[in-house]
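Working notes for the structure below.
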Amino acid sequence: EQLFVGDQVLRITASNEEQIALLRALDEQTELQVDFWRHPGSPGHPADLRVPFPSLQAVKTLLESKGISYSIMIEDLQKLLDEEKKAMAKSRRT
Amino acid sequence: ERSTSTFDFASYHTIDEIYSWMDTLVADHPDLVSKLQIGQSYENRSLYVLKFSTGGSNRSAIWLDTGIHSREWITQATGAWTANKIAEEYGQDPSVTAILDGMDIFLEIIANPDGFAYTHSSNRMWRKTRSINAGSHCVGVDPNRNWDAGFGGSGSSSNPCSETYRGPYAHSEREVKAIVDFILGHGNVKSVISIHSYSQMLLYPYGYKTAPAPDHQELNEVAKKAVSDLAAVYGTKYTYGSIVDTIYLADGTTIDWTYDNGVKYSFTFELRDTGCYGFILPSTQIIPTATETWAALLDIMVHVLEHPY
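In order, the protein sequence lines correspond to chains A and B.
If you're matching positions, the first sequence starts at 354 in our numbering and goes up one per residue.
If you're matching positions, the second sequence starts at 92 in our numbering and goes up one per residue.
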């Protein structure tokens, strides 16, 4: 089973087409292994990006250096998945 | 003894649990609900569709599917709740009764069973099918880029490692081909509603081109009313519009194909987004999400019933 310990999901808001193009280019950088949950559409609309823990620093540095605003939507993805699993197990027991 | 009343709709379930519950639903409503197998997945899982019908032969029909992107669990859960709701409300709710007295409803709750099973066993983040791609170590095709509607354009990826990989050719995925064959074979499907999550949108064609659909105005009106009635339940705000105007250019999507093949009332939902969880929506959100979605679904289905073509 693949775990997602330390992975974060960032909610990113690009303010212009140039920043959107930059976000789209992130998808092509296979070494980062990022995963768009919500793809970048138009300026002002949020995009959600799951970033594996090893790529976090690189992605955040890139966003900050380009002045692209973001917030952390999910702090630690695995914690959320563990809670989900626990809830399922509880329901099954019931 | 099992019955539909012991199934916990407020919890997420595995494919085996959902398939087993489908049999129970059929057993509880034998005169209304039946289960059809429309094909098999890449890994040979059955592709099941629930048919809600009060009789007649080859009546006009509404198609609903949930969970074509396997990781969006809120959609499969909403599908199960919706199936139960349709069965329970027939004979009780005048709208549901009128719809089913005139039309059939088909509902595919797990449109991507291999992916769904994989999200439970190995990778909760899995979105695509599980077909092997020749010459690549990456597995799976995005089944919502695999339809023969603008297939291969820039609104999808040719890279098998991408989450929006379109596949080697249109309808290469068994899960997609099964629906294509079913809808074409049926010949009387008047509406297709494909349900995804998340981002709170109700969308209509086109996604693969910027030109408005010939029925743009009517579809827009239907969507406007549906999202308004949805919002009236819990205040959840949806945006609506064509895929290309509302999100981005997307080639090979389900509803573009259905629309291009004569299904006028083609819509796709993106369900609830709390802003905190993405598609990992806690199970406490299932019933509220399904309940508000029901209001919109009912609007669309009633419109389809009242506007035969």
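Cβ coordinates follow ideal geometry from the N, Cα and C atoms, glycine included.
Being a predicted model, the structure only gives us computed values, none of them experimental.
Here DSSP, grouped into helix, strand and coil, assigns B/Leu-141 to strand.
Under the DSSP assignment, B/Ala-322 falls in the alpha helix (DSSP H) whose first and last residues are 307 to 325.
The region 391 to 406 of chain A makes no contact with the region 433 to 441 of chain A, as fewer than three CB pairs between them are under 8 Å.
CA-CA distance, B/Asn-279 to B/Ile-391, rounds to 17 Å. Take the alpha-carbon of B/His-277 and the one of B/Phe-143: they are about 15 Å apart. DSSP places A/Ala-400 inside the beta strand (DSSP E), whose first and last residues are 399 to 404.
Taking 9 Å as the cut-off, the Cβ atoms of B/Thr-359 and B/Ile-284 count as close. Here B/Pro-379 is not near A/Ala-440, since their CB atoms are 9 Å or more apart. Looking at the backbone, the Cα of B/Leu-198 and that of B/Asp-336 are separated by about 28 Å. When rounded, the separation of the alpha-carbon atoms in A/Met-426 and A/Leu-363 is 5 Å. Per the coordinates, the alpha-carbon of A/Gln-355 lies some 27 Å from the alpha-carbon of B/Val-267. Under a criterion of Cβ atoms nearer than 7 Å, the residues of chain B adjacent to A/Gln-355 are, in order, Ser-213 and Asn-214.
Interface annotation, B/His-104: in contact with chain A, CB-CB separation under 9 Å.
Under the DSSP assignment, B/Lys-176 falls in the alpha helix (DSSP H) whose first and last residues are 164 to 180. Taking 8 Å as the Cβ-Cβ cut-off, the region 359 to 372 of chain B approaches chain A at Gly-366, Cys-367, Tyr-368, Gly-369, Phe-370 and Ile-371, given in chain order. Using a CB distance cut-off of 9 Å, A/Asp-401 counts as an interface residue toward chain B. Rounded to the nearest angstrom, the gap between the Cα atoms of B/Gly-241 and B/Thr-97 is 45 Å.
Apart from sequence neighbours up to five positions away, the residues of its chain that approach B/Asp-306 with a beta-carbon distance below 7 Å are Lys-355, ordered along the chain. B/His-262 is not a Cβ neighbour of B/Thr-166, given a cutoff of 9 Å.
In the structure shown, B/Val-335 adopts helical secondary structure according to DSSP, grouped into three states. Beta-bridge annotation (DSSP): B/His-287 is paired with B/Glu-361.
Rounded to whole angstroms, the gap between the alpha carbons of A/Gln-431 and B/His-160 is 20 Å. A direct Cα-Cα distance of roughly 20 Å separates B/Ser-102 from B/Asp-205. For B/Lys-281, the closest C-alpha among the options B/Glu-264, B/Gly-353 and B/Pro-234 is that of B/Gly-353. The beta-carbon separation of B/Met-194 and B/Ala-225, rounded to 42 Å, does not stay under the 8 Å limit for a contact. Interface annotation, B/Glu-199: not in contact with chain A, CB-CB separation never under 9 Å.
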